[in-house]
Every structure is written in structure tokens, then in C-alpha cells.
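Only one structure is covered here, and it is reproduced in the block below.
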Amino acid sequence: MLTIDAAILDAIVAHARRDHPDEACGIVAGPAGSDRPERHVPMENAARSMTFYEFDSKEQLRLWREMDDADEEPVVVYHSHTATEAYPSRTDVAFAGEPNAHYLLVSTRHPELTEIRSFRIVDGAITEEPVQVVNAVVDPNAVQTYLFGQSPTTVDYECRAGS
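According to our numbering, the sequence shown is numbered sequentially starting from 13.
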């Protein structure tokens, strides 16, 4: 299960909407071995494509060194699909090089609806996983703007007082 803070998820969606019609991409770093996504890092799509994303190699090298120095790892690798559902393409699977990461896809194909799904991709095998959103603002209208996975039952919202 991917557990992610609502503010980080909102930032990912904002990045995907901002870069539309091109695919957006980035990572969320977290402490090594923790499976806790804590630091959102939007990246440049070097391909500048509506159907493909590619991290800029210099930016990726700098970021991976920075994460290594901070004892972090990419907990979430994300990108958007601009005209299709939020499901990994053959190319996405072929380039999935972080076996411990959650692969979060955001579909921006509908202007008013954002589809978000999370997957584990290991050795070419795709496994969809539930998403738990924590620290969500208690606003039923905002929560309903996202479509997670195949069914709303795969999402667990955890709203905390004072959030």
C-alpha cells in the first residue's frame, strides 16, 4: 500500500496539470528503507512529449547523489498520462528501474477528473496497490475530485484534526 500525504499528492497533481499536454514526471524521496514518501521533487521531462517521459540525465544524477548523501531513496516515481488511463504502458514497465518504489500514475485526460493509481513494477510484473491519503483536509468536495484505481474502496483517507 502507498501511504502518501495529501499535500504531496496535491503537488504531484498540480505538476501534472501544469505540464499538460506533455507528460510530467518526478519522484518523492524518503529515508532509505522507510517506505515513507516525504520530499516531492518535480523533474523536467527531457523528452517534452505527450506520450513519453524521460528524466533529464544531469538532473537525475544530481538528485540521486543528493539522495545518497541524505540517506534517502526514491520512494515514489511518478508521471502523468495525458490521453490515456493511469496504467503503466509497455515503455513504463521496460524503464521501471526502482524495484522498491511505488509507481504513481496520474491521468490528466479529463479536465475536471484526475485519475490516480499506484503500482509496484518488479521484473516486468505490474501489481496495483491501494493508496492511503493522510492529512487530507476535511472537505468532501475536494476528496471527490480524485478517482483512485478501479474502485473507491481501494482508497483509505485518514483525516487528522488540525490538518
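Every residue, glycine too, gets a C-beta built ideally from N, C-alpha and C.
### Task
Within the same chain, show all residues whose beta-carbon is closer than 8 Å to that of V118, passing over the 5 residues directly before and after it, in chain order.
As a position in the sequence shown, residue 118 is number 106, starting the count at 1. Cβ within range, chain order: I24, V25, A28, A36, Y90, H91, S92, H93, A98, T126, E127, I128.
### Query
Where do the ends of the alpha helix (DSSP H) carrying L116 lie?
Here residue 116 refers to the residue found at position 104 when the sequence shown is read from its first residue. Unbroken run through L116 is the beta strand (DSSP E), 114-119; no alpha helix (DSSP H).
### Task
Give a yes or no on whether the C-beta atoms belonging to D83 and A59 are separated by under 8 Å.
Within the sequence shown, numbered from 1, the residue matching residue 83 stands at position 71. Within the sequence shown, numbered from 1, the residue matching residue 59 stands at position 47. For D83 and A59, no; Cβs fall outside 8 Å.
### Query
Going along the chain, which residues of its own chain have a beta-carbon closer than 6 Å to the beta-carbon of A173, five neighbours each way excluded?
Looking up residue 173 in the sequence shown gives position 161. Per-residue confidence for A173 stands at a pLDDT of 44, beneath the threshold of 50, marking its modelled position as unreliable; the derived number appears in the next sentence. Nothing meets the Cβ criterion.
### Message
Using only the alpha-carbon positions, how far apart do E124 and R30 sit?
### Response
Translated into positions along the sequence shown, residue 124 becomes position 112. Translated into positions along the sequence shown, residue 30 becomes position 18. Each residue's Cα considered, the two are about 14 Å apart.
### Query
Around the Cβ of T120, are there at least 16 other Cβ atoms within 10 angstroms (buried) or fewer (exposed)?
As a position in the sequence shown, residue 120 is number 108, starting the count at 1. With 16 or more other Cβ atoms within 10 Å, it is buried.
### Query
If you run the structure through DSSP and keep just helix, strand and coil, what is V88?
As a working mapping, residue 88 is identified with position 76 in the sequence shown. Residue state, collapsed to three classes: strand.
### Task
Select from I138, D80, P33, V145 the residue whose C-alpha is nearest the C-alpha of F107.
Within the sequence shown, numbered from 1, the residue matching residue 107 stands at position 95. Among I138, D80, P33, V145, the Cα nearest to that of F107 belongs to I138.
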